[in-house]
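Residues in the sequence shown are numbered from 12 upward in steps of one, following the numbering used here. Beneath this line is the structure, given in structure tokens, with notes to follow.
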Amino acid sequence: MKIIALALSLTFLACGANALDLDHLVTPETIFAFRDSLAFTPEQESELKQIFEKAKSESNALEDAVKTTEESLNDLLRTQELDSGDAETAFQALLDAEEKLKLLQFRTLLALRAVLDPEQISKARSLGKHSRESNAPLMASIEGKAKRLKMAFDELDIKPAGELVSEGERIRDLIQSGDLEAADESLDALGKKVGIDESPDKATIDFSQQNPGDIAQNSLEVRYRSVESAVQGVTYLPRLRQLLQARDALESAKAAEDAEGVGRVLTWVENLLGITAAP
């Protein structure tokens with residue numbers, strides 16, 4: 012069935028209708044999971060395909076807008092001197108972007124329902140409701156693990172590495188395709204990979220014992236860029252906590268115009284990440 016792949020990419024639409032009466036709406040998830048039982052005619056398949064393609068095309072830009080405005084708001088909230096007017100403007104921009112996406116989601120759900128005949132709607136409602144009820148415990152487990160991972164990185168006030176973002180998207184695809192067990196197992200593996208259960212090491216790092224290395228201005232700039240690039244790929248939470256100490260020490264040394272202090276911190280990070288054979 013040609014609509015399957017498109018249905019998988021559009022199952023996020025169901026998530027946007029959580030506040031609505033899903034029992035009276037036909038979601039992409041239901042269409043995909045029970046496509047055989049619903050026995051679509053060729054004409055219906057063609058109509059569904061067109062709906063999915065149109066929604067997917069329009070949703071890409073709207074999803075990007077939501078992500079962009081959310082990132083802008085988060086960046087603004089991290090600033091030391093926060094202007095309430097700017098914050099309200101950024102928050103309103105996020106609400107506006109989300110509203111446009113939700114409106115598209117709702118229109119798509121209505122369009123999907125309009126394609127089905129009364130018997131198919133009744134069957135889809137029954138099958139969808141039963142599926143949601145039976146999967147509720149597993150979904151609760153998935154949501155809890157995902158929330159815990161998000162909170163761990165939010166507490167550090169850092170953005171997850173691209174590798175983690177990609178894995179999160181893969182897990183989301185598993186959820187949307189109905190493979191909840193695989194999604195739950197993947198979250199367990201991801202939690203282990205990032206060290207979610209590791210106890211925080213609260214020891215203060217002594218950078219003064221490090222050799223500063225080459226502290227010529229040009230060399231420091233090159234070393235800093237190398238370190239900055241390598242840090243972007245770090246996913247292990249205990250190591251990220253250490254790197255945050257290094258970041259603060261580096262900022263203090265830079266503010267004091269202490270080239271040796273900067274060099275010592277860079278040497279410590281270089282050794283930690285295996286960037287160079289720093290002395």
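Ideal Cβ placement from N, Cα and C applies to all residues, glycine included. These figures come from a predicted structure and were not determined experimentally.
Point to revise | Distance between aspartate 208 and glycine 274 (C-alpha atoms, nearest Å) | key: Within the sequence shown, residue 274 is the residue found at index 263, counting from 1. Within the sequence shown, residue 208 is the residue found at index 197, counting from 1. In a straight line, the C-alpha of glycine 274 is about 33 Å away from that of aspartate 208.
**Study point:** Complete beta strand (DSSP E) runs within the region 57-122 (minimum length 3 residues, chain order)
**Key:** none
Review point. How would you call valine 233, buried or exposed, if buried means at least 16 neighbouring beta carbons within 10 angstroms?
Key: Residue numbering aside, residue 233 sits at position 222 when the sequence shown is read from its first letter. By the neighbour-count rule (16 or more Cβ atoms within 10 Å), valine 233 is not buried but exposed.
Practice item. Using the Cα positions of aspartate 124 and leucine 36, report the straight-line distance between them to the nearest angstrom. Key: By 1-based counting over the sequence shown, the position of residue 124 is 113. By 1-based counting over the sequence shown, the position of residue 36 is 25. Strictly speaking, residue 124 in this sequence is arginine, with aspartate absent from that position. Each residue's Cα considered, the two are about 6 Å apart.
Practice item. Put phenylalanine 43 into one of helix, strand or coil per three-state DSSP. Key: Here residue 43 refers to the residue found at position 32 of the sequence shown. Of the three classes helix, strand and coil, the one that applies to phenylalanine 43 here is helix, per DSSP.
Exercise for review: Tell me, to the nearest whole angstrom, how far the beta carbon of lysine 111 is from that of leucine 84; I am working on the premise that it is less than 8 Å.
Suggested key: Working through the sequence shown from its first residue, we reach residue 111 at position 100. Working through the sequence shown from its first residue, we reach residue 84 at position 73. For lysine 111 against leucine 84, the beta-carbon gap comes to about 16 Å, at or over 8 Å, which does not count as contact.
Check your understanding: Alpha carbon to alpha carbon, what distance is there between proline 223 and aspartate 259?
Key -> Here the question's residue 259 lines up with position 248 in the sequence shown. Here the question's residue 223 lines up with position 212 in the sequence shown. Each residue's Cα considered, the two are about 17 Å apart.
Check your understanding: Going by other Cβ atoms of all chains shown within 10 Å of its Cβ, with 16 needed for buried, is threonine 52 buried or exposed?
Key -> Here residue 52 refers to the residue found at position 41 when the sequence shown is read from its first residue. With fewer than 16 Cβ atoms within 10 Å of its Cβ, threonine 52 is classed as exposed.
Review point. So lysine 134 and serine 48 are in contact, right, with Cβ under 8 Å, and what is the actual spacing, rounded?
Key: Residue mapping note: residue 134 aligns to position 123 of the sequence shown, counting from 1. Residue mapping note: residue 48 aligns to position 37 of the sequence shown, counting from 1. Correct: roughly 7 Å between the Cβ atoms.
Review point. Per the contact definition of three or more C-beta pairs closer than 8 Å, is the region 58-70 in contact with the region 102-121?
Key: yes
Check your understanding: How would you label aspartate 75, buried or exposed, when you count the other beta carbons within 10 angstroms and need 16 or more for buried?
Key -> As a position in the sequence shown, residue 75 is number 64, starting the count at 1. Under this definition aspartate 75 is an exposed residue.
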